[in-house]
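Below is one structure, written out as structure tokens; the observations come after it.
Residue numbers (the numbering used here): 1 to 420.
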């Protein structure tokens, strides 16, 4: 039968013949991931099941990114458990200090994930790697423990929703807007245990960093995975990031069956914002109203890449952050941090009055380095705006692209670049 992209990747990793959506298949995995919050739980389950050795020390990655640099005794102990296990198992890919970045930006950058891979991670935003043509999904720590021991896991073959974007991208529209538009259209459970497969001429022209941003937020629509075909842009990205030898052509078969097809024309679309308290509560930025803000976050596994830093700098250059606003900028990896330094972006941020921090998840999950107090409002380039996500239950988080977040920092209220 003609296969969707999800079916094709799963088929390449199983000895069973995939014949229909909903079928249970047992698949070999390419990489298993955990972080400083989830790795200790996986380690406990791994030892509890009597496992002695991981299936392949080169195919396990532990990234200490959520509460690091360790903010308190509990987070320090979490990292200690992870570090000791990595040492016991001689894991090749353990990241904690100056080599550590936000996991979902770090692994593609290092070429540890790529086209045709199956990646499972004890983090819901593992779906990011669909941006480079991998079937990647989050799982609970117990399932991750089993995958670390066995090198395989089971999947229910997901139905696929095809999403096509047409038209010409306006100057200030970004990949983040495209994904928020989709979530606003179908809802936060509109793709529950489905694969999202992206296409159309807008996607063909979108760079890989933008595709990673969109795949990252597939889970915010309930999706099991978000997938992009492997084309010349993917090949170029992989070659530049430690993954040579990739060939284009991994895509859905002609005539593949889709449960649903969603179409967008973006030609005259303005930037959008997700309002509290769901990523699906999406409005055009001009329709949000006059809402003062106290904090801006530019970074995270969604929008902490170098293109995002450049976008923010393009808006902030020659301008000042409103004195009532904390604008916190967190490049997602040490490599991106260095690129910002070498390109003079830090000078732009500093002159504008921003706070520049190390690569960390930090405020995205209400961890540290930017917690909101009662009644405070933030706009962020992160992926979730649930009640209490960034601190107080009485705070509010709005989601946007970096150009809108930077413009809002200058305006002191939620605003797009055209409104400055």
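Virtual Cβ for every residue (Gly too), placed ideally from N, Cα, C.
{"Query": "Distance between residue 48 and residue 330 (C-alpha atoms, nearest Å)", "Result": "37 Å"}
{"Query": "Residues of its chain near residue 406, where Cβ-Cβ distance is below 6 Å and the 5 sequence neighbours each way are ignored", "Result": "312, 315 and 316"}
{"Query": "Residue 186 versus residue 280 - alpha carbon distance", "Result": "8 Å"}
{"Query": "Option in 74, 43, 409 and 132 with minimal Cα separation from residue 355", "Result": "409"}
{"Query": "Length of the line joining the Cα atoms of residue 127 and residue 26", "Result": "19 Å"}
{"Query": "CA-to-CA distance, residue 149 to residue 52, given in whole angstroms", "Result": "8 Å"}
{"Query": "CA nearest to the CA of residue 373, picked from 393, 385 and 328", "Result": "393"}
{"Query": "Exposure of residue 370, with buried meaning 16 or more beta-carbon neighbours within 10 Å", "Result": "buried"}
{"Query": "Beta-carbon separation (whole angstroms), residue 236 vs residue 194, contact threshold 8 Å", "Result": "Incorrect: roughly 29 Å between the Cβ atoms, too far for contact."}
{"Query": "At least three beta-carbon pairs within less than 8 Å, the region 97 to 112 to the region 55 to 70", "Result": "yes"}
{"Query": "Residue 354 - DSSP class collapsed to helix/strand/coil", "Result": "coil"}
{"Query": "Nonlocal neighbours in the same chain, by C-beta distance under 8 Å from residue 286, ignoring five residues either side", "Result": "270, 416 and 419"}
{"Query": "Residues of its chain near residue 45, where Cβ-Cβ distance is below 7 Å and the 5 sequence neighbours each way are ignored", "Result": "141, 142 and 145"}
{"Query": "Secondary structure, beta strand (DSSP E): runs of 3+ residues fully inside the region 142 to 230", "Result": "152 to 156, 160 to 166, 195 to 199 and 225 to 227"}
{"Query": "Beta-carbon spacing of residue 255, residue 2 below 7 Å", "Result": "yes"}
{"Query": "For residue 78, three-class secondary structure by DSSP", "Result": "helix"}
{"Query": "Backbone secondary structure at residue 379 - three-state DSSP", "Result": "strand"}
{"Query": "Best match in 160, 28 and 216 for proximity to residue 117 [C-alpha to C-alpha]", "Result": "28"}
{"Query": "6 Å CB neighbourhood of residue 71 in its chain, flanking five on each side removed", "Result": "368"}
{"Query": "Length of the line joining the Cα atoms of residue 421 and residue 411", "Result": "With the chain covering 1 to 420 only, the question about residue 421 has no answer from this structure."}
{"Query": "Cα-Cα separation, residue 30 to residue 108", "Result": "13 Å"}
{"Query": "Inter-residue Cα distance where the pair is residue 233 and residue 74", "Result": "42 Å"}
{"Query": "Expected contact under 8 Å - CB spacing of residue 214 and residue 222 to nearest Å", "Result": "No, residue 214 and residue 222 are not in contact; Cβ-Cβ is about 15 Å, not under 8 Å."}
{"Query": "Cβ separation of residue 210 and residue 162, assumed to be a contact under 8 Å, to the nearest whole Å", "Result": "Their Cβ separation, rounded to whole angstroms, is 18 Å, which puts residue 210 and residue 162 out of contact at 8 Å."}
{"Query": "Rounded C-alpha distance that separates residue 365 from residue 216", "Result": "15 Å"}
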